[in-house]
Every structure is written in structure tokens, then in C-alpha cells.
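Notes to accompany the following structure.
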Amino acid sequence: MSLTERFLRNQKSDKNYHNEQLTIDEASFDKAKLLVHEKVVEIMDLSSIMEMPREELERSVRDILIQMLETEKIPLNRAERSRLISELLNEILGLGPIELLIHDESVQDILINGSKNVYIEKQGVIHQTAIHFRNDEHLMQVIDKIVSKVGRRVDESSPMVDVRLPDGSRVNVIIPPVALDGPQVSIRKFGDTRLTQEGLLQHQSATAQMTAYLQMALRSKLNILISGGTGSGKTTLLNILSGHIPHNERIVTIEDIAELKLNQPHVVRLESRPENIESRGEITLTDLVKNSLRMRPDRIIVGETRGGEVLNMLQAMNTGHPGSMSTIHANSPRDAFSRMEVMIGMAPTILSERGAKGLIASAINVIVQCSRLVDGSRKVISISEVCGIEDGEIMTHEIFIFEQQGISEEGRVYGCFKPVGSTSIYKEHFLSNGMELPPALFHFQQKVR
Numbered sequence: 077m078s079l080t081e082r083f084l085r086n087q088k089s090d091k092n093y094h095n096e097q098l099t100i101d102e103a104s105f106d107k108a109k110l111l112v113h114e115k116v117v118e119i120m121d122l123s124s125i126m127e128m129p130r131e132e133l134e135r136s137v138r139d140i141l142i143q144m145l146e147t148e149k150i151p152l153n154r155a156e157r158s159r160l161i162s163e164l165l166n167e168i169l170g171l172g173p174i175e176l177l178i179h180d181e182s183v184q185d186i187l188i189n190g191s192k193n194v195y196i197e198k199q200g201v202i203h204q205t206a207i208h209f210r211n212d213e214h215l216m217q218v219i220d221k222i223v224s225k226v227g228r229r230v231d232e233s234s235p236m237v238d239v240r241l242p243d244g245s246r247v248n249v250i251i252p253p254v255a256l257d258g259p260q261v262s263i264r265k266f267g268d269t270r271l272t273q274e275g276l277l278q279h280q281s282a283t284a285q286m287t288a289y290l291q292m293a294l295r296s297k298l299n300i301l302i303s304g305g306t307g308s309g310k311t312t313l314l315n316i317l318s319g320h321i322p323h324n325e326r327i328v329t330i331e332d333i334a335e336l337k338l339n340q341p342h343v344v345r346l347e348s349r350p351e352n353i354e355s356r357g358e359i360t361l362t363d364l365v366k367n368s369l370r371m372r373p374d375r376i377i378v379g380e381t382r383g384g385e386v387l388n389m390l391q392a393m394n395t396g397h398p399g400s401m402s403t404i405h406a407n408s409p410r411d412a413f414s415r416m417e418v419m420i421g422m423a424p425t426i427l428s429e430r431g432a433k434g435l436i437a438s439a440i441n442v443i444v445q446c447s448r449l450v451d452g453s454r455k456v457i458s459i460s461e462v463c464g465i466e467d468g469e470i471m472t473h474e475i476f477i478f479e480q481q482g483i484s485e486e487g488r489v490y491g492c493f494k495p496v497g498s499t500s501i502y503k504e505h506f507l508s509n510g511m512e513l514p515p516a517l518f519h520f521q522q523k524v525r
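Numbering-wise (my numbering), the sequence shown opens with residue 77 and increments by one.
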């Protein structure tokens, strides 16, 4: 069967081929795209395609498309031709159906559940899109394009992988046989647009008083731990706070997947590395934290503590690297301390329970709790100071909270930011660093509706 016969099977008669109002169904459109794609690869050298500027490639694809429309009489109107060219360019140069989502700054997460279900998160709320892949094989081609760019692979023998896109977005892939319903892809986007402190206030994620306190804590070199669940804004807040570190300090950042974007001139960025195909060459966060101590850092920022590296980080905070920061997955400050105790137990060095709690209490000065609420909004719901140990428990002094009071008819959370205490236990510390806490810092209420 010829190319024309294969494509035009069950289609309308020849007299309709040039009717610009004619439209074809999605299945036929996908067939047309596949046929043109094959023709482009057949005519043009693949290596030259990848090196060709997008404008030149677009002209070449358009010429090939027009030629095929004339010789094969494929029934596409103007809008469909334009769409076909755009989607082909995305297939060749980008990530196919999700290329537009990658460049959409309003999209925060892209969640792909098999070839037919693509979800996005906007403003904290998940929506299903009309975007789909032709089949699981098409989705796997896009996955291979993502992972191969960073020298990784994903197949039945290694069905899970974590990689980073050029713009810093984080990609997690898991495929069959581990994923039962087809390849699953989760993309956490970190584009060029960064949320600033002004944006934090505009979104009512915190108050000016809370950010002023955190800024003074950072400048006076108190150690800060940011706690929260997945998608609660921990890394975003860490990025915002790190912007207040003086530019004359040497900063070392340590991450599993590089997400932090610091503007200071003297920043050393380190990223862990998984083992290679021969099960060798792994560089862990613990290795990087140990090595960072030999790099003469003024501050160490660990993107997320999740294992035995927490022991080295706490020791660094206690021994000449004040003002360091990190994040941790936890639903409350108490949960965060419990998790850190467990992670200390994962380190080669054995500490007693009392010793672990003592190390945490002496290293961490301020703990910030972030949360994503039911309406999708992200807020700093608590800022606490660590007081020490009493009766074998780490004691905290909560100074700011967000008190949720209800949910409106529109589904929006409303409540109030307010101080809890009347002062800070680090008042003398701030004074010794030339900073005075204004009384207004602890006498305000800001309603959120």
C-alpha cells in the first residue's frame, strides 16, 4: 500500500483535499505528523538537524511539508499545517508534546501518568490537560531524550532515574515493570523567573515582619533549618533568604539535584552523583559535605538533608561555619528534630540519643516551618527559635505563626499572621552584631482573606 493510500484510507474524496476549511481527526493528524517526521529524518542528516538553527530548520520542515502535501495530497488546512510544523520542531529539538509546558512560566509541575494522561500544577492546584503522547513508545522516546543528555539511562534493569534539565528543572522517571500503568514522569520546574521577597509578601506567604526577622537572623549568622512537606516552598524560601548573604562571603552549596540559584559572586556549587552503569563512581552528599569543609567556606548551604550527611552538616555548624542553612522534609519542628535524630543514626559515627539531641540543639538556632494549604497556597506557618534541651527534649520558642481560621466559599484559606512571644531569645546576639529588634516586630496582626 502506498504512502498516499495508507494515509488517505477512509478519508474524503480528492475534491476536498484543497478545501482550507477541512479538518481531520486527531488520529489522522498524528499519522500525518509521523509520516512527515519520517520524511524529514530520511531527507536530512540527523546530526545536521541538531546543529541547525531553529529558523533554518523550520524553513526546511515547511518546505518538506509543502512538498508532501502536494505529492501525497494530505488534507490539512492552514491552522493544521502551522500546528504540524510547530509540533514537529518540538519533537526534533525539544520534548515533543510537553515542550510548550516546559516554557510556560505559570506551570510549576508537569506530571505524566502514562501516554494518555498529562497533568500540570498551577498556583498549587493540579489540572488535567488535553495533551497526550501517541503511545508509550512515543513517551519513552521523549524520556530517552531527557536522560541521554546527561549521560544517564533508564530501562528494565534500571527503571528509575533522577535528572536535571538545562534550566534546572528536576525530572524523576519510573518505568515498567516497576510502574504498572506505563512510564511515569514528574517534572518539578525551576525556570529563570525567581520568586523574590516582594513576591513572597505579595502572595501573602509571609509578612514583612517575619522576613525582616529572618533577614537579621541570616545576617547575624544564626543557623537556619527550613522544614516542610513536598511542594511547600522550602527551596524557594531558601533561595530568597540566601539572597541576603553578604557578597564578600564564600558560599558552598551542596545538593542532590542543583536547584539553588544564588546571585553572590563567590559561590561554589556541588552536586552529588549516582553510581554509573558499572556500579562505581557514586559521590554522596556526605562525601560533598566532608569535602566542603576543606574548601574554606564562610557558609555551607545543603539543599536538603535526607541521610547521614546531617551529622557532618551539624558538626560544621558547630565548628566555625555559622550562618549555614538547609531544608528537611517534615510536618512540624518536632518532626524535623525526630527525623534528624534518625538520620544521625544512619551515619558511620555512633551517637547516643542524648548526644544527637545535644548536637541538634546546639547547631540549629532557627527553624522555619512551611506548608502548602488545601487551596494550594504556600505559607510560612511558624518561625521558632531553638532554646536548648530540657528533660531530654529539644525545646523551641515559637515567635511567629499563621493561624488558619477557616475556608471561604470560594475555597480560599483565610486566617491571620501574628507574633506569639514578645521578644527573641537571641536579642543580645542581634545587639552584639549591630542589629536591634524593633518592638513593632512583635506587635502586629495581618489578616489573610
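Where a beta carbon is used, it is the ideal one built from N, C-alpha and C, also for glycine. Predicted model, so just to flag it, every value in this text is computed and none were measured.
- Within its own chain, the residues whose Cβ lies closer than 6 Å to the Cβ of A282, once the five positions on either side in sequence are excluded, are L276 and V456, listed in chain order.
- A206 is classed as exposed because its beta carbon has fewer than 16 other beta carbons within 10 Å across all chains shown.
- Residue state for Q260 is assigned as strand, using DSSP reduced to three classes.
- Inclusion of L301 and A412 in the CB contact set at 8 Å is warranted, their separation being smaller than that value.
- The straight-line gap separating the alpha-carbon atoms of K265 and D185 is approximately 6 Å.
- A distance of 8 Å or more separates the beta carbons of S460 and E479.
- Between D212 and S191, the gap from beta carbon to beta carbon is short of 8 Å.
- One Cα belongs to L241, the other to I222, and the distance between them is close to 7 Å.
- When C-beta atoms of the region 369-379 are compared with those of the region 398-411, three or more pairs fall below 8 Å, so the two segments count as touching.
- Contact between the region 279-297 and the region 507-521 is established, with three or more Cβ pairs separated by less than 8 Å.
- The beta-carbon separation of T311 and E335, rounded to 5 Å, stays under the 8 Å limit for a contact.
- In this structure, the CA atom of E429 is about 18 Å from the CA atom of V462.
- A103 has its alpha-carbon roughly 21 Å from the corresponding atom of L176.
- With distances taken between CA atoms, A255 lies nearest to M236 out of T272, G464, M236 and D243.
- If you draw a straight line from the Cα of R210 to the Cα of D220, it is about 16 Å long.
- By the criterion of at least three beta-carbon pairs nearer than 8 Å, the region 159-167 is in contact with the region 130-147.
- Of the residues M419, V444 and L507, the one whose Cα lies closest to the Cα of S303 is V444.
- By the C-beta criterion, the region 313-330 is judged to be in contact with the region 339-355, since at least 3 inter-stretch pairs fall below 8 Å.
- Residue pairing by DSSP places K523 opposite C492 in a beta bridge.
- Taking a contact to require three or more Cβ pairs closer than 8 Å, the region 404-418 and the region 355-372 do not qualify as touching.
- In terms of Cβ geometry, I477 and S498 do not form a close pair [threshold 8 Å].
- Contact check for S318 against C446 fails: the beta carbons are separated by 8 Å or more.
- For D185, the enclosing beta strand (DSSP E) stretches over residues D185 to N189.
- Using a Cβ distance threshold of 8 Å, E358 and R349 count as a contacting pair.
- Measuring C-alpha to C-alpha distances from R138 to each of P129, M128 and V112 identifies V112 as the nearest.
- If you compare the alpha carbons of R448, K225, A406 and L294 with that of E197, the shortest gap goes to R448.
- Note that the C-beta distance between T306 and H405 is below 8 Å.
- Taking a contact as a CB-CB distance under 8 Å, the pair V489 and V450 counts as one, their CB atoms being some 6 Å apart.
- In this structure L215 is not in contact with S262, their Cβ atoms being roughly 13 Å apart against a cut-off of 8 Å.
- For D139, the secondary structure class from DSSP, reduced to helix, strand or coil, is helix.
- Runs of the alpha helix (DSSP H) lying entirely within the region 298-339, each at least 4 residues long, are 310-318 in chain order.
- In this model, E232 and I436 are separated by some 41 Å (Cα to Cα).
- Secondary structure note for G497: it is in no beta strand (DSSP E), with a DSSP letter that is neither H nor E.
- Bridge partners of N248 according to DSSP: D238 and S262.
- In the DSSP assignment, K455 falls within the unbroken beta strand (DSSP E) covering R454 to E466.
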